[in-house]
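At position 37 of the sequence shown the residue is numbered 37 (UniProt numbering), and the sequence of numbers has no breaks.
All C-beta atoms, glycine included, are put in the ideal place defined by N, C-alpha and C.
This report refers to the structure that appears directly beneath it.
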Amino acid sequence: MESVKAVVFACGTEEYAVPVEQAISIEKLEHVTPIPHLPNYLLGFTRIRGELVPVLDFERILYNRSSNTATARVIVLNTDVVNYGLLVTEAREILDFDESVLKQVGLVNYSKTRYFTAVANLENRMITYVDPKILVNSLEGIREIINYLHKLLENEKENVEA
1 MESVKAVVFA CGTEEYAVPV EQAISIEKLE HVTPIPHLPN YLLGFTRIRG
51 ELVPVLDFER ILYNRSSNTA TARVIVLNTD VVNYGLLVTE AREILDFDES
101 VLKQVGLVNY SKTRYFTAVA NLENRMITYV DPKILVNSLE GIREIINYLH
151 KLLENEKENV EA
């Protein structure tokens with residue numbers, strides 16, 4: 001049987017997981033620069049290990065309320081679209097899921113939650129599997145955020161060269 005390694009985290013009272021191979025790191029929330037006029041799920045931009053990344057508030061995306069940033073963690077995710085930080089209530093553990101416990105869910109057909117690709121039904125918990133690439137591609141306004149990030153990086157590059 002194949003197994004899937006995933007980073008398990010909490011958001012609100014629910015548990016979610018992302019593939020471990022797409023998780024670059026898990027960080028404390030440091031200084032974030034908020035940017036006005038961009039989507040409200042964007043907390044702002046921060047520098048993690050020298051890289052400028054947008055920080056997306058997962059609780060805002062799911063429940064339209066802000067995370068408690070004092071205890072929250074940022075899971076830095078790598079996608080071919082953009083590397084981004086996902087602000088979550090708590091990073092819990094890395095689990096090996098047996099593929100037999102991962103059930104495909106009908107929620108992928110629901111346009112607002114296409115990024116929920118499976119549910120792991122364990123003995124005393126249920127963990128929803130999130131695809132980071134589908135998540136970032138499904139967010140309204142993500143192109144604006146990526147364009148803004150590219151402008152920041154271009155300005156940074158010009159300042160270094162000057």
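Does the beta-carbon of residue i have 16 or more other beta-carbons within 10 angstroms, so that it is buried, or is it exposed?
i              : result
leucine 87     : buried
threonine 13   : exposed
glutamate 154  : exposed
valine 160     : exposed
leucine 102    : buried
asparagine 147 : exposed
leucine 122    : exposed
I believe residue i touches residue j by the beta-carbon criterion, under 8 Å. Please report the beta-carbon distance rounded to the nearest angstrom.
i                : j            : result
valine 76        : glutamate 27 : 6 Å
valine 43        : valine 55    : Reading off the sequence, residue 43 comes out as leucine, not valine. Correct: roughly 4 Å between the Cβ atoms.
phenylalanine 15 : glutamate 99 : In the sequence under discussion, the amino acid at residue 15 is glutamate, which differs from the phenylalanine named in the question. Contact doesn't hold; Cβ gap of about 18 Å is too wide.
Check this for me: beta carbons of residue i and residue j, under 7 Å apart or not?
i              : j          : result
alanine 91     : leucine 29 : no
isoleucine 127 : valine 7   : no
proline 132    : valine 18  : yes
Figure out for me which residue from the options has the closest Cα to the Cα of residue i.
i             : options                       : result
leucine 139   : Glu51, Lys103, Leu102, Thr113 : Thr113
histidine 79  : Ser67, Val53, Asp96           : The question names histidine, but residue 79 is threonine in the sequence shown. Ranking the options by Cα distance to threonine 79, first place goes to Val53.
valine 130    : Val32, Phe58, Asp96           : Phe58
asparagine 64 : Asn40, Gln104, Ser25, Ile134  : Asn40
Per DSSP, which residues does residue i bridge with? Please list them.
i          : result
alanine 6  : Pro19, Leu95
glycine 12 : The partner list for glycine 12 (beta bridge, DSSP) is empty, contrary to what the question assumes.
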